[in-house]
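What follows is a set of notes on a single structure, which appears directly below.
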Amino acid sequence: MRCLKLSTVVLGVTGGIAAYKALDIVSKLKKKNIDVHVIMTKAASKFVTPLSFQALSQNYVTIDMFAEPKRFEIRHISLAERADAFLIAPASANIIGKIANGIADDMLSTTVMATKSPVLIAPAMNTNMYENPIVQKNIAFLKSLGYYFIEPESGRLACGAIGKGKLADTESIVDLTDMLLCKKKDLKGKKVLITAGPTREDIDPVRYITNRSTGKMGYAIAKAARDRGADVILISGPVNIKAPYGVKHVNVYSAEEMYNAVLEYFDSTDILIKSAAVADYKPLNKSNIKIKKSDADLYIELTRNKDILYEIGKIKKHQIVVGFAAETNDLIENAKAKIMKKNLDYIVANDVTLKQSGFGSDNNTVKIIDKHGNITEYPNMPKEEVAHEIFNLILKNER
Ligand SMILES: Cc1cc2nc3c(=O)[nH]c(=O)nc-3n(C[C@H](O)[C@H](O)[C@H](O)COP(=O)(O)O)c2cc1C
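Going by the numbering used here, the letters in the sequence shown line up with residues 7 to 405, in that order.
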């Protein structure tokens, strides 16, 4: 869920090789049902045609401030006001310099000047240009005024140089746009610690025990917390998804590593949400060499891993602790017992046998049970919405 459902993004595209990547940004924003209006600089139109942006955004593209509008409006003002978020990607050294110095001499620079919406700037340029102290001073100044930046990546640039200056990947740019679109900043000042994904318990150097967790739920929670203004630390087992941009990402492997990481950050945490599917057991003896197959059956003795939530429940002070219970039967009874035993504040219970729910699914059907036994039931919904509902409930009860 985005905090604002029907959103409008104005995307400014400037003159650089990476302008073609802005087409992918438009396409990704449109897939999220965002209304996209593109403003190109004259230089940008040398690299990519406005027609491509027009076709993808299904809106007219503006380049010339004095062009006859399709219906009467002062377009730089109307777009500036309509934008829920403003994106400039790729942003040239030139546009950064213009914004920092209050120059409004074309459609893009004038519209940015006129907007009150949050602005995200994604620079892309040759390394020497990016490292130029004037560009760096302009970026620092704009950051101090509240403009958001997404850093360029390092790599091989179009000009052949190797260094920093490649446009950040379009997925991260679109991901950060969600943060700009989220007007609710009710987690600002809160430190939120989230665990996600499975753990792996090695049997030998090539085999391990794990579970079906994909991390989708925990990553959605991390994104929701970030969008609502929290400082987020995401401790994750091995998964195939990218951490939300701007979140501190701690990779762990086994349950023991996850336990140590949670302990390291728990003291300064306000809200801990443990959505990881931590292995309850691990092989008692891990073989240092690959176990050879033989004709006989093989028995692996398992020993208990530390129960992270239980240990945390013992040392918890001011923190709100939320656990997850993935169950196949007796959902409520099991969840209530877990709250008591582990000194939790909430448990998010999901029946993993339901269709379109649980491991791997983009959706989840959950019930949230609080420490007083109150149960709030939610219909099947995308995991991003479940994530927001968890915070809605915590914050409502805190008031
Ligand atoms: C082939 C080519 C590639 C360019 N790539 C970039 C670039 O990646 N970043 C940048 O800041 N400028 C780049 N420039 C220079 C800009 O196009 C130039 O500074 C222009 O004035 C920017 O105008 P704008 O900010 O109005 O788009 C490039 C120029 C050429 C000819």
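Backbone N, C-alpha and C define an ideal beta-carbon position, used for all residues, glycine too.
Tell me the residue span of the beta strand (DSSP E) that contains Thr275.
Element bounds for Thr275: n/a, residue is neither H nor E.
Ser123 and Ala95 closer than 7 Å at C-beta:
No. Outside cutoff.
Locate the alpha helix (DSSP H) running through Asn340, then write down its first and last residues.
Leu337 to Lys348
How would you label Lys344, buried or exposed, when you count the other beta carbons within 10 angstroms and need 16 or more for buried?
Buried: at least 16 other Cβ atoms inside 10 Å.
Hey, how far is the Cα of Lys36 from the Cα of Leu186?
Using only the alpha carbons, I get a separation of about 16 Å.
Checking the sheet assignment: what are the DSSP bridge partners for Met387?
Asn370
Rounded to the nearest angstrom, what separates Leu350 and Ala25 at their Cα positions?
50 Å
By Cβ distance below 6 Å, which residues in the same chain neighbour Asn65 in space, the five residues on each side in sequence not counted?
His43
Give me whichever residues DSSP pairs with Leu163 in a beta bridge.
BP columns for Leu163 are empty, so no partner.
Rounded straight-line distance, which links the Cα of Lys248 to that of Lys34
16 Å
Is Asp351 helix, strand or coil by DSSP?
coil
Leaving out the 5 sequence neighbours to the left and right, which residues in its chain are closer than 7 Å to Met7 when beta-carbon positions are compared?
At Met7 the pLDDT is 49, less than 50, meaning the model places this residue with poor confidence and gives no usable figure here.
Compare the beta carbon distance of Leu290 and Thr275 with 7 Å and say whether it is the shorter of the two.
For Leu290 and Thr275, no; Cβs fall outside 7 Å.
Count the other CB atoms, across all protein chains shown, that sit within 10 Å of the CB of Pro211; report buried if there are 16 or more and exposed otherwise.
exposed
For Leu315 and Val198, what's the separation of their Cα atoms in angstroms?
16 Å
For Val354 and Asn398, the rounded distance between their alpha carbons
13 Å
Give me the Cβ distance between Asn311 and Ala285, rounded to the nearest whole Å; I'm assuming they're in contact under 8 Å.
6 Å
Quick one: is the Cβ of Gly21 within less than 6 Å of any heavy atom of ligand 1?
yes
Can you tell me whether Val32 is helix, strand or coil according to DSSP?
helix
Excluding the 5 residues flanking Ile83 on each side, which residues of the same chain have their C-beta closer than 7 Å to its C-beta?
Ala120
Keeping to the same chain, check which residues put their C-beta closer than 6 Å to that of Lys27; ignore five residues upstream and five downstream.
Leu173 and Thr176
State the Cα-Cα distance for the pair Glu263 and Lys377, rounded to the nearest angstrom.
28 Å
Would you say Ser98 touches ligand 1, meaning its beta carbon is less than 6 Å from a heavy atom?
yes
Does the Cβ of Thr14 have 16 or more other Cβ atoms within 10 Å, making it buried, or fewer, making it exposed?
buried
Cβ-Cβ separation, Thr205 to Ser260 (assumed contact under 8 Å), whole Å:
5 Å
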